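Remarks on the structure that follows.
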Amino acid sequence: MTSTPSARRQTPTPRSGASPHGSASPTGRLDPEIAARLKRSADGLVPAIAQQYDTGEVLMLGWMDDEALHRTLTTGRCTYWSRSRREYWVKGDTSGHFQWVRSVALDCDADTLLVKVDQVGAACHTGARTCFDADVLAVVPAPDADSGVPATDQ
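Take the sequence shown: its letters are residues 1 to 154, numbered as in this note's numbering.
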């Protein structure tokens, strides 16, 4: 599912409804109804949050265009668009740390994907279980929900 070295150098920026590498799946393109709902960045990408399906643990953030989402939905494995390498990558193809897809959901604005996966091994390229373990920022704790303080951001 990766391109040849010469194709990598010539890979254009992905855009809505188009694949820089052509369709790798025999089933074709992303369902047009799903494609029509997606709100993409200027680069044609949608952030995809990978979450462990049974524990709720947030594992990583990747980027998908229409083709990557199509591949994810039709193969049962997470496919992402690498903004730095400018190519598709299937989680686990090189590392052996697979993400087996359990479900995919759009958020209420259709601008973010939540991909619930069964993660095998590390999710982070550093070898850590998640990409969010190493750099926890200090924060002033919010009051407990039972404290009687009214919610102000509703």
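We treat Cβ as the ideally placed atom computed from N, Cα and C, and that holds for glycine. Quantities reported herein were computed from a predicted structural model and do not represent experimental measurements.
- Query: Can the beta-carbon of ARG29 be found less than 9 Å from the beta-carbon of ASP66?
  - Reply: Translated into positions along the sequence shown, residue 29 becomes position 29. Translated into positions along the sequence shown, residue 66 becomes position 66. The answer is yes: Cβ separation under 9 Å.
- Task: Report the partner residues of GLY62 according to the DSSP bridge assignment.
- Result: Here residue 62 refers to the residue found at position 62 of the sequence shown. Note: GLY62 sits in a beta bridge opposite ALA48.
- Please determine if the stretch 70-83 and the stretch 124-143 are in contact, where contact requires at least 3 C-beta pairs separated by less than 8 Å. no
- Measure the beta-carbon distance from TRP100 to VAL117 and round it to whole angstroms, keeping in mind my assumption that it falls under 8 Å. Residue numbering aside, residue 100 sits at position 100 when the sequence shown is read from its first letter. Residue numbering aside, residue 117 sits at position 117 when the sequence shown is read from its first letter. Indeed they touch by this definition, with Cβ atoms about 6 Å apart.
- Message: I'd like to check one pair, PHE98 with GLY121: are the Cβ atoms closer than 9 Å?
- Response: Position 121 of the sequence shown, counted from the start, is the residue given in the question as residue 121. Position 98 of the sequence shown, counted from the start, is the residue given in the question as residue 98. A contact, by the Cβ cut-off of 9 Å.
- Message: With H, G and I counted as helix, E and B as strand and the rest as coil, what does DSSP make of THR79?
- Response: Looking up residue 79 in the sequence shown gives position 79. Strand, per DSSP.
- Task: Could you tell me which residues DSSP puts in a beta bridge with SER103?
- Result: Looking up residue 103 in the sequence shown gives position 103. SER103 pairs with LYS116.
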